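Trainee: Residue numbers (the UniProt record's numbering): 1 to 161.
Glycine included, C-beta positions come from ideal geometry on N, C-alpha and C.
Every value quoted in this text rests on a predicted model; they were computed, and no experiment measured them.
Please see the structure below; I have some questions.
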């Protein structure tokens, strides 16, 4: 069983840079998973619906509360990419003993050329094989929570040097 916690972000079509106002999302994580024809048990719970630049410590505490409350040992968190590494570090420092993978997309989930379905599938696959810890799954790679940063020039995640 996988618990999926959603927080908004580009993967769910939430980006406040276009007109400074977040509107109702046109896509859902459930839509992506239905289209993938998954054959595994999962539950989805919305924690918040925010552009990650507006996530704060209270939101991160709520995410942690949901992780601790879940009976699942495998947790997937969909998250905006601007502060994804901040949330991963916040959770990673708590040593929760579960396998937790954060994932998002660089291109809006409603766009024809979005990276959202690939990233989501890659994260779900990785989640099933990783040891308990906190990871980010982006750009076809897995990054440990304490060794990752987003390069704003290339729009890719990288291992810290």
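#1: How many angstroms separate the CA atom of residue 73 from the CA atom of residue 112?
#2: My assumption, with CB atoms under 8 Å, is that residue 102 sits in contact with residue 116. Please give the rounded CB distance.
#3: What is the C-beta distance between residue 6 and residue 46, in whole angstroms, given that I count them as a contact (C-beta under 8 Å)?
#4: For the candidate residues 75, 66, 120 and 69, whose alpha-carbon lies nearest to that of residue 37?
#5: What does a CB cutoff of less than 8 Å around residue 149 pick up in its chain, not counting 5 residues either side in sequence?
#6: Which class does residue 149 belong to by DSSP, given the choice of helix, strand or coil?
#7: Can you list the alpha helix (DSSP H) stretches of 4 or more residues lying completely in the UniProt domain "L-asparaginase N-terminal" (2-151), in chain order?
#8: List the DSSP bridge partners of residue 175.
#9: Relative to the C-alpha of residue 145, which residue among 78, 152 and 136 is closest?
#10: Suppose the cutoff is 6 Å on Cβ atoms and the five residues either side in sequence are ignored; what does the same chain contact list for residue 155 look like?
#11: Taking just the CA atoms, how far does residue 76 sit from residue 124?
#12: Any idea if residue 32 is buried or exposed, counting beta-carbon neighbours within 10 angstroms, 16 or more meaning buried?
#13: Is there a C-beta anywhere in chain C that falls below 7 Å from the one on residue 48?
#14: To the nearest angstrom, report how far apart residue 94 and residue 79 are at their CA atoms.
Mentor: Reading off the structure:
#1: 33 Å
#2: Actually they are not in contact, since the Cβ atoms of residue 102 and residue 116 sit about 14 Å apart, beyond 8 Å.
#3: 5 Å
#4: 120
#5: 85, 157, 158 and 160
#6: strand
#7: 29-36, 57-69, 84-92 and 116-127
#8: Examination of residue 175 is not possible in this model, given that the chain is present from 1 through 161 alone.
#9: 136
#10: 106
#11: 7 Å
#12: buried
#13: The chain inventory of the structure shown lacks chain C, comprising one protein chain alone.
#14: 19 Å
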